[in-house]
Amino acid sequence: AKAYALLTQHPTPVARLPKDLREKLSDSKANLYFKDLGPKEKESVWDRFREGLQPLHDAGKLGAIVFQFPKWFLPSPSAYRFMEDLREWLPDFGIAIEFRQVLWMKESRRQRVIEFLKDHHYTYVVVDEPQGFASSVPPVVATTAPLGMVRFHGHNAENWEKKGISTAEKFRYLYQPNELKAWAPKLQDMADTATEVQAIFNNCYSDYAVRNAEEFGQLLR
Numbered sequence: 513a514k515a516y517a518l519l520t521q522h523p524t525p526v527a528r529l530p531k532d533l534r535e536k537l538s539d540s541k542a543n544l545y546f547k548d549l550g551p552k553e554k555e556s557v558w559d560r561f562r563e564g565l566q567p568l569h570d571a572g573k574l575g576a577i578v579f580q581f582p583k584w585f586l587p588s589p590s591a592y593r594f595m596e597d598l599r600e601w602l603p604d605f606g607i608a609i610e611f612r613q614v615l616w617m618k619e620s621r622r623q624r625v626i627e628f629l630k631d632h633h634y635t636y637v638v639v640d641e642p643q644g645f646a647s648s649v650p651p652v653v654a655t656t657a658p659l660g661m662v663r664f665h666g667h668n669a670e671n672w673e674k675k676g677i678s679t680a681e682k683f684r685y686l687y688q689p690n691e692l693k694a695w696a697p698k699l700q701d702m703a704d705t706a707t708e709v710q711a712i713f714n715n716c717y718s719d720y721a722v723r724n725a726e727e728f729g730q731l732l733r
């Protein structure tokens, strides 16, 4: 499951908040960030989010909650503190971290970030995505928790940061067999150090994700 946008530093339409929370807001902004909420409102958002996922967790059908942070979520003491606090709010849940800011996986910082995630038992989300943007993270393969995860976003560089298009168009990319074949041994290496590894295809245009997932599954058998 992906975390609610408000909890990952993304702007969130006020209209998406529960009515009782909207009524407590003194500002008339159309969008707000988590930092705009007061302590009680923050606690309420976390409580409702956790309660909504609890049935899935109790049924054993929730592997991890993916926190996909935006490109303006930069390496800083406050960013590390925010990630540390996730465990306080979600003590019993698996937590996975996906960055959309290249600085997190800069060579001089990479190992520190990986060790931080290991120390907190957070899954590092390995990504395959277009390169050359501030929001592009290199395909660093690492396992930092019992659950390993790879998300395949495709290589549609033209649409990666384009405004005004649908999510499906952004990720409109069909992987070719040779591209999938190159990833198979990487997943197998991850499986050597993780209890479980998930490969998630996010190229959600038409049936591309389903087709590629089936093809990739054949390679791993």
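So in this note's numbering, the last spot in the sequence shown is 733, and the numbers never skip.
From the three backbone atoms N, C-alpha and C, an ideal C-beta is built for every residue, glycine too.
All figures in this text were calculated on a predicted structure; none of them were measured in a lab.
Secondary structure of proline 650 (DSSP, three-state): coil. Sequence-distant partners of alanine 680 (beyond 5 residues in either direction) whose C-beta falls short of 7 Å from its own C-beta, in its chain, are Cys716 and Tyr717.
Taking a cut-off of 8 Å for Cβ pairs, the region 578 to 593 and the region 608 to 624 touch, as three or more such pairs fall below it.
Here the C-alpha atom of lysine 554 lies approximately 44 Å from the C-alpha atom of glutamine 730. Straight across, the Cα-Cα distance linking leucine 568 with alanine 515 is about 14 Å. Checking the DSSP bridge columns, you'll see glutamine 580 partnered with Glu610. By the neighbour-count criterion, in which a residue is buried when 16 or more other Cβ atoms sit within 10 angstroms of its Cβ, aspartate 559 is exposed.
CA-to-CA, the gap between histidine 667 and asparagine 724 works out to about 14 Å. Sequence-distant partners of histidine 633 (beyond 5 residues in either direction) whose C-beta falls short of 7 Å from its own C-beta, in its chain, are Ala657. A straight line joining the alpha-carbon of leucine 686 with that of threonine 520 spans about 28 Å.
According to the DSSP secondary-structure assignment, lysine 541 is paired through a beta bridge with no residue. Residue ranges of uninterrupted beta strand (DSSP E) with 3 or more members, entirely inside the region 657 to 709 and ordered along the chain, are 659 to 664. In the DSSP annotation of this structure, aspartate 640 is not part of any alpha helix (DSSP H); the continuous beta strand (DSSP E) holding it starts and ends at 635 to 640. Residue pairing by DSSP leaves threonine 520 without any beta bridge partner. Glutamine 623 has its alpha-carbon roughly 22 Å from the corresponding atom of proline 642.
Its chain contains Asn543 as the residues whose beta carbon lies nearer than 6 Å to that of proline 525, once the 5 sequence neighbours on both sides are disregarded; these appear in chain order. Excluding five sequence positions before and after isoleucine 626, the CB atoms of its chain that fall closer than 7 Å to its own CB belong to Tyr636, Ala654 and Thr656, given in chain order. Of Gln710, Val722 and Asn714, the smallest CA-CA separation from glycine 575 is found for Gln710.
Collapsing the DSSP output to three states places phenylalanine 585 in coil. Rounded to the nearest angstrom, the gap between the Cα atoms of aspartate 548 and arginine 562 is 20 Å. For glycine 644, the number of other beta carbons within 10 angstroms of its own is below 16, and it is reported as exposed.
Under DSSP, phenylalanine 713 takes part in a beta bridge, and its partners are Phe664.
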